[in-house]
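*Asks:*
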Amino acid sequence: MARAIMIQGTGSSVGKSLLVAGLCRAFASKGLAVRPFKPQNMSNNAAAATDEGEIGRAQALQALACRVDPVTDMNPVLLKPESEQRAQIILNGRRLHSVRAREYREFRRRLLPPVLASLRRLAAEADLVIVEGAGSPAEINLRRNDIANMGFALASGIPVILVGDIDRGGVIAQIAGTKLVLDGCDAAAVKGFVVNKFRGDKTLFDDGYKQIESLTGWRGIGIVPWFEEAESLPSEDALEIKSGGDGPFKVVCPVLPRIANFDDLDPLRLEPGISLKMLRAGTPIPGDAGLIVLPGSKSTRSDLAFLKTQGWDIDIRAHARRGGYVLGVCGGYQMLGREISDPEGIEGAPGTDSGLALLNAETVMAPEKKVGRVRAKWAETSAPIAAYEIHIGRTTGPDCNRPFAFVETPGGDRLDGAISVDGRVAGTYLHGLFESDKFRRQFLSKIGTKESDLDFSARIDSVLDALAAHVANHVDMEGLLKISRKVGI
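Numbered according to this note's numbering, the sequence shown terminates at residue 498, and the numbering increases by one at each position without gaps.
#1: Go through its chain and collect everything with a Cβ distance to residue 78's Cβ below 7 Å, but skip five positions before and after it.
#2: Between residue 301 and residue 294, is the Cβ-Cβ spacing less than 8 Å?
#3: Per DSSP, residue 50 forms a beta bridge with which residues?
#4: Give a yes or no on whether the C-beta atoms belonging to residue 124 and residue 85 are separated by under 8 Å.
#5: With distances taken Cα to Cα, identify the nearest neighbour of residue 409 among 288, 10, 345, 232.
#6: Specify the secondary structure class of residue 287 as computed by DSSP and reduced to three states.
#7: Just how far apart, CA to CA, sit residue 485 and residue 102?
#8: If the criterion is Cβ atoms closer than 8 Å, does the pair residue 44 and residue 135 meet it?
#9: For residue 146 versus residue 195, is the C-beta spacing smaller than 8 Å?
#10: Tell me whether the beta-carbon of residue 16 lies closer than 8 Å to the beta-carbon of residue 493.
#11: Have a look at 487, 463, 34 and flag the residue whose alpha-carbon is nearest the alpha-carbon of residue 447.
#12: Assign residue 363 to one of three DSSP states: helix, strand, or coil.
#13: Are there three or more Cβ pairs, one per stretch, closer than 8 Å when the segment 306–322 is compared with the segment 338–354?
#14: With a CB to CB cut of under 6 Å and the five nearest residues on each side skipped, what residues in its chain are close to residue 278?
#15: Does the structure place the segment 430–448 close enough to the segment 457–473 that three or more beta carbon pairs sit under 8 Å?
#16: Given a threshold of 16 other Cβ atoms within 10 Å of its Cβ, counted over all protein chains shown, does residue 223 qualify as buried or as exposed?
#17: Counting pairs of beta carbons, one from the segment 155–164 and one from the segment 173–184, are three or more of them closer than 8 Å?
#18: Identify which residue in 76, 207, 376, 424 has its Cα closest to the Cα of residue 9.
#19: Tell me whether residue 110 is buried or exposed, calling it buried when 16 or more other Cβ atoms sit within 10 Å of its Cβ.
#20: When DSSP labels each residue in this structure, what does residue 438 get in the three-state scheme?
#21: Anyone know if the C-beta pair for residue 171 and residue 36 falls short of 8 Å?
#22: Report yes if the C-beta distance between residue 440 and residue 305 is below 8 Å; otherwise report no.
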């Protein structure tokens with residue numbers, strides 16, 4: 010069995026996911042068989058694993074850092090919010106059902122056995138498992154039946170390193186305050202701390218570092234400076250959605266309340282000829298946009314209603330009338346049709362809503378979810394596309410006879426997506442399509458931008474190498490290995 014260490018944080022967005030990715034690549038580069046693990050994640054930014062289930066985007070990136078394929082055991086419980094009070098439970102990569110937040114607090118005790126089973130399977134094939142917590146163990150009101158932080162750590166016997174974010178201020182209080190509120194057994198599981206996102210001269214924090222050690226009795230494992238290149242890596246937190254690029258061609262994406270898989274746009278943000286604008290509520294779509302992308306959504310009908318309340322439907326139709334390009338991905342594709350029907354109430358109350366009617370097609374929601382990695386060809390030029398699908402619903406109509414892509418299957422190619430008669434509005438169920446360099450270049454050339462030599466996969470891999478070197482230079486790597494414990498569950 011592998012050894013394991015768990016990285017928990019004093020709060021959300023303190024850099025746990027990125028730190029785990031850096032550690033994964035650093036230890037993998039030393040010749041260890043490393044696997045990432047997150048017992049419970051909450052995100053609508055999912056990725057398709059090679060065993061045809063879905064996991065959090067961060068765990069897929071961490072698997073890439075380990076130089077292995079992502080599998081569902083790396084994130085056995087994924088919660089996908091459908092509303093403020095309700096989330097869909099993905100267990101071992103498959104949709105289980107939806108529950109309200111209050112119901113889930115009791116239900117999760119039933120999830121600990123499959124979570125530990127996933128850990129055992131990963132540990133059997135690895136030298137080291139690096140576990141990521143969720144949120145913060147300081148949320149002691151959520152401690153009962155916990156499977157994400159200290160509840161998991163104690164059940165598995167895995168030691169914990171606590172990460173604080175100095176960039177947001179108050180890092181001494183973050184870490185010492187966490188020690189203060191934890192009960193004795195939970196506090197004893199913590200074996201050290203890391204101060205993350207430091208800017209400036211680290212020696213100025215020498216006294217603060219020692220004071221944290223004195224206040225907590227925990228060992229300092231390192232101070233990790235701010236990593237600028239993190240902007241290039243995919244994120245799964247909707248709070249971290251950012252615009253980017255300063256090229257002359259403007260791509261605009263409305264940010265919807267239940268936006269999903271927004272990392273589909275990351276390759277465009279890195280294109281030198283593009284300026285990507287992630288448009289927040291209260292702002293009209295600019296008239297000089299060259300391309301509008303409607304993103305995926307976890308709650309397509311409610312996000313469509315939000316889009317209309319913002320007046321974005323009017324802006325999108327005006328953009329199309331002016332001859333601008335529109336691309337809808339997954340839920341965004343469904344919104345472009347004439348109507349969306351959910352007779353069984355899969356995503357909310359049963360009903361039917363009118364779409365934007367920019368594609369002559371209709372969508373009917375159904376309980377079966379299509380999840381998997383696919384290979385396809387762009388219908389226009391046969392450029393290869395490596396992508397994945399995560400969606401419910403079936404879209405049909407006359408415009409589907411002009412497919413966006415041909416997806417390879419054992420029984421022959423199947424049609425994906427739809428294109429309008431004038432060729433300027435298109436929809437597809439293929440997530441991650443812009444990561445395919447040849448397709449991306451040809452698509453951008455078609456809509457009026459210059460081609461570039463961006464190799465997206467190589468760019469991400471080089472950033473992961475740089476992240477690993479950055480982390481290894483500022484964290485006591487040997488100390489982490491000594492703290493780690495053999496998985497014995």
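Cβ atoms here follow ideal geometry from the backbone N, Cα and C, with glycine treated the same way.
*Replies:* Taking the coordinates as given:
#1: 59, 72
#2: yes
#3: 87
#4: yes
#5: 345
#6: strand
#7: 34 Å
#8: yes
#9: yes
#10: no
#11: 463
#12: strand
#13: yes
#14: 253, 254, 285
#15: yes
#16: exposed
#17: no
#18: As shown, the chain starts at 10 and ends at 498. That puts residue 9 outside it, with no answer to give.
#19: exposed
#20: coil
#21: no
#22: yes
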